[in-house]
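In my numbering, the protein residues as written are 350 to 754.
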């Protein structure tokens with residue numbers, strides 16, 4: 350633990366402020382996200398079919414356009430693109446609040462998603478540029494923790510405001526997003542603008558097709574993109590099939606316990622566990638450990654245990670989640686020049702979209718009522734397949750890379 354504290358102290362002010370920006374961005378977003386469907390259906394009176402379309406528009410806009418956001422981040426600098434993402438999300442809040450017209454609401458959903466498509470790859474790129482390579486796994490773990498904390502705090506604030514006038518809810522969310530934009534103007538963060546300019550001068554830009562083709566011919570990036578796709582497909586079950594199995598096996602009230610144990614495991618273990626493993630194992634081995642944990646948890650779900658063992662399996666599943674996500678980001682970011690990080694994280698965002706679609710499809714066709722049945726064995730097999738992919742030899746890729754400060 351002493352080593353962890355020492356390394357945390359070594360993080361630069363720009364890194365800490367960037368983490369604060371991710372935190373506030375997520376707080377502002379999740380003041381609205383958990384209650385958007387309720388607002389559209391109960392308050393505005395739209396049909397459930399229309400609400401479903403809005404959530405789909407938001408998802409496809411964010412995931413599907415993330416590569417565009419990454420390319421823009423590399424072109425104009427991550428801080429400018431992060432600011433544009435925050436501004437667009439504020440715009441989406443007021444579009445939701447001020448109009449009841451179907452077209453305007455649909456535009457709001459698209460703008461909301463595109464804001465995330467801009468912000469996420471740009472923020473990952475900025476954070477990655479702000480630390481030395483050895484600190485990237487720790488930084489990505491801190492980013493994940495900040496995001497989860499923002500989701501939890503935003504949800505609590507939204508719950509306290511949901512019964513007030515809708516304008517209060519959306520204005521509060523906009524105010525928090527504006528705060529994240531203000532942080533972008535602080536001197537420690539602005540210093541990254543100069544670094545981005547130096548990177549662009551040292552590594553002149555390629556056209557978008559050339560950047561993407563270059564990454565798709567890198568075997569390491571192809572491998573981690575495929576692993577990320579599988580990981581997101583398995584992660585999708587946390588929001589889709591696991592709650593159904595929990596409600597059917599125990600009760601609907603225990604669904605809250607499912608998410609409580611998931612969130613608590615992230616908060617308690619994300620940083621210390623990854624730091625401990627990172628000092629003892631390579632990132633490749635950590636990815637194997639992560640998928641191994643998910644495979645064991647899926648096998649356990651097949652047995653439909655009692656409640657306490659079931660919740661322990663949820664925590665084991667979450668351990669796999671918190672190991673894999675930052676490890677893949679760290680492995681991928683080592684493959685490209687810092688001037689290409691936005692496009693890289695955008696490409697991973699596209700893989701996440703495909704993984705989400707795959708996860709929803711296998712859940713829809715494979716889940717056996719009431720508790721899942723052999724579906725969980727299939728999920729365990731998918732996690733083990735990821736382990737096999739990870740063990741496949743990968744040719745060493747020689748590319749221009751820069752050392753982060």
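No residue lacks a Cβ here, since even glycine has one placed at the ideal position from N, Cα and C. In this text the structure is predicted, and so the values were computed from the model without any measurement.
Nearest to residue 699 by C-alpha distance, out of 418, 673, 511, is 418.
The residues 464, 467, 468, in chain order, have a CB closer than 6 Å to that of residue 434 in the same chain once the five nearest residues on each side in sequence are set aside.
If you draw a straight line from the Cα of residue 475 to the Cα of residue 428, it comes to about 7 Å. When 723, 480, 513, 431 are compared, the shortest CA-CA separation from residue 392 is found for 513.
Counting only unbroken stretches of 4 or more residues, the alpha helix (DSSP H) elements lying wholly within the stretch 416-498 are 427-447, 451-478, in sequence order. DSSP places residue 691 in the helix class (H, G or I) of the three-state scheme. Rounded to whole angstroms, the gap between the alpha carbons of residue 510 and residue 381 is 10 Å. Residue pairing by DSSP places residue 721 opposite 717 in a beta bridge. Put simply, the backbone Cα of residue 652 is about 18 Å away from that of residue 667. Excluding the 5 residues flanking it on each side, residue 708 has same chain C-beta neighbours closer than 6 Å at 582, 585, in chain order. The closest CA to that of residue 569, considering only 701, 600, 632, is found on 632. DSSP, reduced to helix, strand and coil, places residue 730 within a helical segment of the structure shown.
Short of 6 Å from the beta carbon of residue 504, and not among the five residues preceding or following it, lie these beta carbons of its own chain, in chain order: 379, 383. Look at residue 409 here: in three-state DSSP terms it is helix. Residue state for residue 381 is assigned as helix, using DSSP reduced to three classes. Close CB contacts of residue 422 within its chain, under the 7 Å cut and outside five residues either way in sequence, are with 430, 470, 471, 474, 691 (chain order). Residues of the same chain with a CB within less than 7 Å of the CB of residue 665, apart from the 5 flanking positions on each side, are 642, 645, 646 in chain order.
Of 562, 485, 662, 459, the smallest CA-CA separation from residue 364 is found for 485. Residue state for residue 654 is assigned as coil, using DSSP reduced to three classes. Rounded to whole angstroms, the separation of the alpha carbons of residue 588 and residue 414 is 22 Å. Here DSSP, grouped into helix, strand and coil, assigns residue 597 to helix.
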